[in-house]
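Accompanying notes for the structure given below.
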Amino acid sequence: MPDGFTYIDPAQFRELFAADLPGDKAAFMARAQVLNFAYNFSATITTAAWRTKPISLRLASQGSGRCN
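Numbering that gives the first Met the number 0 applies: residue 0 is where the sequence shown begins, and numbers increase by one.
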């Protein structure tokens with residue numbers, strides 16, 4: 000697209016992206032896809048996100064089924 004966004008052609012969507020889905024679900028996804036900026040496919044990644052993003056973790060105590 001001239002404005003720099005990309006998408007998967009709905010006519011080819013099932014073949015290229017959703018071959019394992021039923022036709023009605025693939026058709027819905029083809030119509031509902033969000034445009035993606037083309038630059039996202041060529042951007043250089045310099046640091047893995049898992050190295051810089053904080054992580055939180057919750058553990059259940061004593062098998063209560065609740066998180067502390």
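We treat Cβ as the ideally placed atom computed from N, Cα and C, and that holds for glycine. On a predicted model such as this, the values are computed, not experimentally measured, just so you know.
In this structure, the straight-line span from the alpha carbon of residue 42 to that of residue 57 is close to 34 Å. Residue 43 carries a coil assignment under DSSP once its states are collapsed to helix, strand and coil.
For residue 8, there is no enclosing alpha helix (DSSP H), as DSSP marks it with neither H nor E. By the criterion of a C-beta distance shorter than 6 Å, residue 29 is surrounded in its chain by 9 and 12, once the five residues flanking it on both sides are discounted. According to DSSP, residue pairing for residue 36 in a beta bridge involves 4.
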